[in-house]
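Taking full-length UniProt numbering, the leading residue of the sequence shown gets 1, the next gets one more, and so forth.
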Amino acid sequence: MPRTRKKSYRQIQNARRKKLQLETPEHKALRLEKNRTRAAVRRASESECQREIRLAKDRARQNTIRASRRSTEKTVYNRLKFLENNSTFSELTIKQNLVYERLKAQREAAALRQAERRRQETP
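Next up, the structure:
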């Protein structure tokens, strides 16, 4: 058997991406089902100790995500304190800009809810 050149990581990933793009919905469903059953079998065979470790890792990952989100929000709040209302947000990074948009939407939704509540309370 002739030796072939080792493919680069990018080549392998591109081939995998192309293969996934070309797959049919039935094949995709089958692949996902196979993955689910494989995960279920792995979970069924794990011991109580392994289960605790897996759940703890999941919790830790979620906490890390939440903490990073909170720190980004704090950064955005601090930046906005120093910026004037009419200035552009070029000082913010893309991620911080997205967080700012989300915070603004949350604030507007909260204000709308508050206004609705006040409107219902007044006779």
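Here a beta-carbon is modelled for each residue, glycine too, at the ideal position from N, C-alpha and C.
Across the structure, residue 105 and residue 111 are spaced so that their CA atoms are roughly 10 Å apart. The three-state secondary structure of residue 7, taken from DSSP, is coil.
Excluding sequence positions up to five before and after residue 69, its CB lies within less than 8 Å of the CB of 99, all in the same chain and listed in chain order. For residue 45, the enclosing alpha helix (DSSP H) begins and ends at 25-45. Straight-line spacing of the CA atoms in residue 8 and residue 14 works out to 10 Å. Taken through DSSP and simplified to helix, strand or coil, residue 64 comes out as helix.
CA-CA distance, residue 66 to residue 103, rounds to 15 Å. In the three-state reduction of the DSSP assignment, residue 75 falls in the helix class.
Take the alpha-carbon of residue 29 and the one of residue 79: they are about 46 Å apart.
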